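Numbering (the working numbering), first residue to last: 2 to 145.
Glycine is no exception: its CB is placed at the ideal position from the N, C-alpha and C atoms.
Quick caveat, the model's predicted, so the values are computed rather than measured.
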Amino acid sequence: MTQALPEPRPHRRWLRSSRTPLRKDVGAALLLLVIEAVVFVAGAFGHDLQMWAAPDDRATIDAARLASIAWSEYLLAAALVLAAIALLARAPWTALLQILAAATLAAVVVLSQHQYDQTHPRPAPTPSAGYEPCYSGSNDCPGG
């Protein structure tokens with residue numbers, strides 16, 4: 002008499018095998034988008050209030066601007082994480098809207114950082130030890 006082979010163990014799937022239903026996908030996408038917009042506006046409003054409250058204190062204004070840029074960077078990271086989770090859950094509309102939100106936040110971060118860099122130029126380099134200024138206006142000056 003022969004013995005039957007044992008049945009193979011079923012494979013455990015960590016990922017969902019089917020796509021998220023469209024209704025839940027679109028609902029989650031819109032809900033996350035609204036929540037992210039409200040959180041961004043609330044954070045930006047708070048930092049703008051800090052800048053408004055200190056009109057003459059340059060250090061406080063700069064600190065609030067940098068905090069606003071950092072806040073936008075954190076939201077960008079959160080949007081990318083949510084997009085990855087949506088891709089794993091096979092929710093294409095949620096992933097698409099999160100990627101669009103991340104692209105918008107990336108543009109906000111880049112523009113904010115550019116504006117901050119334009120208002121805070123780096124100091125001029127210090128002259129070398131052998132530098133001698135030339136006031137004559139002729140080409141007889143040393144070094145130039």
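Using three-state DSSP, classify residue i as helix, strand or coil.
i: histidine 121; result: coil
i: alanine 38; result: helix
i: leucine 6; result: coil
i: aspartate 141; result: coil
i: alanine 130; result: coil
i: arginine 24; result: helix
So, for residue i: in the same chain, excluding its five sequence neighbours on each side, which residues have a beta-carbon less than 7 Å away from its beta-carbon?
i: isoleucine 62; result: Met52 and Ala55
i: tyrosine 75; result: none
Does the Cβ of residue i have 16 or more other Cβ atoms within 10 Å, making it buried, or fewer, making it exposed?
i: arginine 66; result: buried
i: threonine 120; result: exposed
i: serine 73; result: buried
i: histidine 48; result: buried
i: alanine 29; result: buried
i: alanine 5; result: exposed
If residue i and residue j are in contact, beta carbons under 8 Å, what's the gap, nearest whole angstrom?
i: glutamine 99; j: alanine 80; result: 5 Å
i: valine 175; j: leucine 77; result: The displayed coordinates of the chain run from 2 to 145. Any statement about residue 175 would go beyond what the structure contains.
i: threonine 105; j: aspartate 26; result: Actually they do not touch by this definition, with Cβ atoms about 20 Å apart.
Within its chain, find whatever has a CB closer than 8 Å to the CB of residue i; leave out the 5 residues flanking it on each side and keep chain order.
i: leucine 31; result: Leu98
Given residue i, which residues of its chain have a CB within under 6 Å of its CB, disregarding the five upstream and five downstream residues?
i: serine 113; result: Ile70
i: alanine 68; result: His48
>> Quick check for students: name the residue ranges of the beta strand (DSSP E) that lie wholly in the region 45-113, counting only runs of 3 or more.
In response: For the region 45-113, not a single whole beta strand (DSSP E) run of length 3 or above is found.
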